[in-house]
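Numbering (the numbering used here), first residue to last: -1 to 413.
Below, the structure written as structure tokens:
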């Protein structure tokens, strides 16, 4: 842990900046879906398949990525990830062919997830004791939202000034590339590696230990449901523009607000709340319940322009729930007493399960939207999101149950 509170919050701020910038390109579709589709000349299904390549590359790399995080310098891993991802943005701005897009999304699966994610999570956990994990991860997620929102609003201004369309998007991508490289250089120069010894176990030993820990699997299922909601909610933007009739700039603005602005509020507040009420799993359970209510509303509200305010508000509440989930996912490792020396590998195993939706959600929903154009495709999507919310509630209840059992067994052994 850092020697002073000032040092802790400086490093957390730097992690927030890094965490916001490294995912700019893979997540650009959340705000500029229609424009990206036009610029790349692809279908809904092809858009989904590009994202799926990213997910597949990441999914099979989470476990070795976690092992890397248990052995190598977070500073070097994080900085390398940011710099190479930023440089790839200059190629992205040329709007390559569909095959080139597949290559880019696969590359980002390696550069932003395999190299970046586990050291990012482990470095955050190292910043404070168990009693502060909720607020640390909450402020991490919220801080990413603040930086992402500021960059997003600036690039939206540039997008509009440059005439919108592919030309405006090209400027957005190039600006984001420069800032991402700058973030990598900043991490390299300023970030301090946590004062922690290197784990002695092999990849197999760490992996085997994580597999035998039931909490790791249940946390993976919780992440699966929460990330499935996060990925699917991006389709609310084209629903508003393509079905309800909202203008494209309104959809972009709401996408930025949902992806970054709400993140800046929902995650830190939920993290503080988790520390105060007795654990992140309580907040996670309530977030899934409210998300289920939101999806029920979207399924029954008629998709008419006069109902745009209702749908927009439901989207905001849903985003609050999603970022409350994301702000508390990784605090559950501390709540479940996962040892620090195997934290990277445990995160890798849980993320292998949890981020499986990255590999199938986008092509699946893209297929629904192409096969059932207009409202029917979105109704299927919203029904899927409702199911994820309900499964998430059950998984959270089960995690709390096995944590109580583990605590009772530990108390009996000590006693």
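Even for Gly, the Cβ is constructed at its ideal location relative to N, Cα and C.
Whole-Å CB distance - residue i paired with residue j, under 8 Å assumed
| i | j | result |
| --- | --- | --- |
| residue 222 | residue 352 | 5 Å |
| residue 46 | residue 363 | 6 Å |
| residue 286 | residue 136 | That belief does not hold up - the Cβ atoms of residue 286 and residue 136 are roughly 17 Å apart, past 8 Å. |
| residue 70 | residue 250 | Wrong, their Cβ atoms sit about 38 Å apart, outside the cutoff. |
| residue 147 | residue 258 | 4 Å |
| residue 140 | residue 282 | The pair is not a contact, with the Cβ atoms about 16 Å apart (cut-off 8 Å). |
| residue 138 | residue 10 | 6 Å |
| residue 107 | residue 175 | Actually they are not in contact, since the Cβ atoms of residue 107 and residue 175 sit about 18 Å apart, beyond 8 Å. |
| residue 233 | residue 365 | Rounded, the Cβ-Cβ distance is 12 Å, inconsistent with contact. |
| residue 324 | residue 226 | Rounded, the Cβ-Cβ distance is 12 Å, inconsistent with contact. |
| residue 23 | residue 90 | 6 Å |
C-alpha distance - residue i paired with residue j, whole-angstrom precision
| i | j | result |
| --- | --- | --- |
| residue 214 | residue 337 | 12 Å |
| residue 196 | residue 255 | Bear in mind that a pLDDT of 48 at residue 196, under 50, signals an unreliable position, so the model cannot answer this. |
| residue 280 | residue 188 | 36 Å |
| residue 28 | residue 151 | 14 Å |
| residue 344 | residue 14 | 22 Å |
| residue 115 | residue 25 | 15 Å |
| residue 217 | residue 160 | 44 Å |
| residue 129 | residue 273 | 7 Å |
| residue 395 | residue 167 | 43 Å |
| residue 198 | residue 110 | Caution is warranted here: a pLDDT of 49 is assigned to residue 198, below 50, making its placement in the model unreliable, and the coordinate value is therefore given only provisionally. Their backbone Cα atoms lie some 26 Å apart in a straight line. |
| residue 393 | residue 165 | 45 Å |
| residue 327 | residue 278 | 8 Å |
| residue 371 | residue 237 | 11 Å |
| residue 39 | residue 368 | 15 Å |
| residue 332 | residue 131 | 7 Å |
| residue 68 | residue 294 | 42 Å |
| residue 383 | residue 292 | 10 Å |
| residue 88 | residue 404 | 50 Å |
| residue 359 | residue 157 | 28 Å |
| residue 400 | residue 334 | 9 Å |
| residue 48 | residue 304 | 34 Å |
| residue 58 | residue 66 | 14 Å |
| residue 120 | residue 320 | 22 Å |
| residue 95 | residue 206 | 42 Å |
| residue 306 | residue 112 | 39 Å |
| residue 43 | residue 385 | 22 Å |
| residue 211 | residue 191 | 28 Å |
| residue 145 | residue 267 | 17 Å |
| residue 310 | residue 19 | 26 Å |
| residue 149 | residue 209 | 39 Å |
| residue 239 | residue 83 | 30 Å |
| residue 252 | residue 235 | 7 Å |
| residue 348 | residue 357 | 15 Å |
| residue 155 | residue 329 | 36 Å |
C-beta atoms of residue i and residue j nearer than 8 Å
| i | j | result |
| --- | --- | --- |
| residue 86 | residue 102 | yes |
| residue 373 | residue 177 | no |
| residue 350 | residue 21 | no |
| residue 125 | residue 6 | yes |
| residue 265 | residue 182 | no |
| residue 123 | residue 341 | yes |
| residue 52 | residue 104 | yes |
| residue 12 | residue 185 | yes |
| residue 316 | residue 381 | no |
| residue 64 | residue 346 | yes |
| residue 260 | residue 314 | yes |
| residue 243 | residue 33 | no |
| residue 308 | residue 299 | yes |
| residue 290 | residue 387 | yes |
| residue 50 | residue 301 | no |
| residue 270 | residue 133 | yes |
Closer than 7 Å: residue i CB and nearest the ligand GTP heavy atom
| i | result |
| --- | --- |
| residue 340 | With respect to small molecules bound, the structure shown includes none, and the ligand GTP cannot be examined in it. |
Below-8 Å beta-carbon distance, residue i vs any chain B residue
| i | result |
| --- | --- |
| residue 301 | In the displayed structure, chain B is absent; only one protein chain is listed. |
### Message
So within the stretch 323 to 351, which uninterrupted alpha helix (DSSP H) runs reach at least 4 residues, ignoring any that extend past its ends?
### Response
329 to 333
### Task
Tell me the start and end of each unbroken alpha helix (DSSP H) in the stretch 173 to 253 that is at least 4 residues and wholly inside, in chain order.
201 to 209, 212 to 230, 234 to 240
### Query
Whole alpha helix (DSSP H) runs in the stretch 58 to 85 with 4 or more residues, listed along the chain?
60 to 67
### Task
Would you mind listing the alpha helix (DSSP H) stretches within the stretch 135 to 171 that are 4+ residues and don't spill past its ends, in chain order?
none
#### Entry: Ordered list of beta strand (DSSP E) runs contained in the stretch -1 to 36, each at least 3 residues
none
### Message
Could you tell me which whole beta strand (DSSP E) segments of length 3 or greater appear in the stretch 291 to 321?
### Response
none
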